[in-house]
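Student: With our numbering, you'll find the sequence shown wraps up at 224, consecutive numbering, no jumps. Input: one structure, supplied below.
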Amino acid sequence: MTDQIALRDLQHFLYCPHRWGLMHIDCAWAENYYVVKANLLHDRVHDPQQSYTLRGRKVFTSVPVYCDLPDLMIAGVADCIEGEPSASGVALDSGGRRYNLCIVEYKPTHPAEADYHPDDAMQVFAQKVCVDSVFQCDCQAALYYADQKKRVYLPFQAERAHWEEALRATLRQMRSYLADNAIPPIPKGQRCFGCSLKDLCMPSLRQKESVREQIAREMEALP
2 MTDQIALRDL
12 QHFLYCPHRW
22 GLMHIDCAWA
32 ENYYVVKANL
42 LHDRVHDPQQ
52 SYTLRGRKVF
62 TSVPVYCDLP
72 DLMIAGVADC
82 IEGEPSASGV
92 ALDSGGRRYN
102 LCIVEYKPTH
112 PAEADYHPDD
122 AMQVFAQKVC
132 VDSVFQCDCQ
142 AALYYADQKK
152 RVYLPFQAER
162 AHWEEALRAT
172 LRQMRSYLAD
182 NAIPPIPKGQ
192 RCFGCSLKDL
202 CMPSLRQKES
212 VREQIAREME
222 ALP
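As structure tokens, this is what we get:
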């Protein structure tokens, strides 16, 4: 299977497979406070696409990344890639300067009961796979939580085999649903409070009655 998967779609699937199915198979979409807040944060990071030097580090924002290995085939945009000067690092420019790389993904809110959300971490690991494939390196990766102004480094270098297995399994699931044109079921215990598609996914009784009434009126109007 060689169909390319976007990194943002991977994160959507890990957050809730049913929500991902509504978006990418049923073409449904809606925004709420949480979606707009996250979009505004990423607009600040991505605007404009640029590179600059900060405290001796080379910083690249809004970086397109990809991995074209047949069992992966993923692509997207990394919020930020930082380069720390190092003689053993990778060359990023014609000047011959070398850097150790670190991916930094920006998120608006730190989770209350954990160091990071697993779906956020998997999104960043997929970015790492892309960066490592392009630059032939073993880059670091971190999540930056804007509400706490806190950076959390992720354990990918020590636990790479585990994350690679989980990534490949997730991509196989996504491609299976896409091939069958099937929307995944709602996971047991899924927390839906902040989901922008909650009203489309689980409409209230009043909404259901309104739809039934509309259908009844249309049926009565038929010749």
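Where a beta carbon is used, it is the ideal one built from N, C-alpha and C, also for glycine.
1) Compute the Euclidean distance between the alpha carbons of residue 181 and residue 24, then round it to the nearest angstrom.
2) Could you have a look at residue 218 and say whether DSSP puts it in helix, strand or coil?
3) Between residue 14 and residue 171, how many whole angstroms is the CB-CB distance? I'm expecting something under 8 Å.
4) Can you tell me where the beta strand (DSSP E) with residue 137 in it begins and where it stops?
5) Among 106, 176, 174 and 184, which residue has its Cα nearest to the Cα of residue 155?
6) Classify residue 88 as helix, strand or coil using the three-state DSSP reduction.
7) Go ahead and label residue 108 buried or exposed: buried means 16 or more other beta carbons lie within 10 angstroms of its beta carbon, across all protein chains shown.
8) Using alpha carbons as the reference points, say which of 53, 76, 54 and 17 lies closest to residue 134.
9) Can you give me the C-alpha to C-alpha distance between residue 186 and residue 104, rounded to a whole angstrom?
10) Three-state secondary structure (DSSP) at residue 58?
11) Taking residue 141 as the reference, give the member of 189, 82, 99 and 121 with the closest Cα.
12) Please report the distance separating the alpha-carbon of residue 168 from that of residue 221.
13) So, are the CB atoms of residue 175 and residue 26 less than 8 Å apart?
14) Relative to the alpha-carbon of residue 62, which residue among 69, 52 and 56 has its alpha-carbon at the smallest distance?
Tutor: Walking through what the data contain:
1) 15 Å
2) helix
3) 7 Å
4) Residue 137 -> no beta strand (DSSP E), and no H or E assigned at all.
5) 106
6) strand
7) buried
8) 76
9) 33 Å
10) strand
11) 82
12) 51 Å
13) no
14) 52
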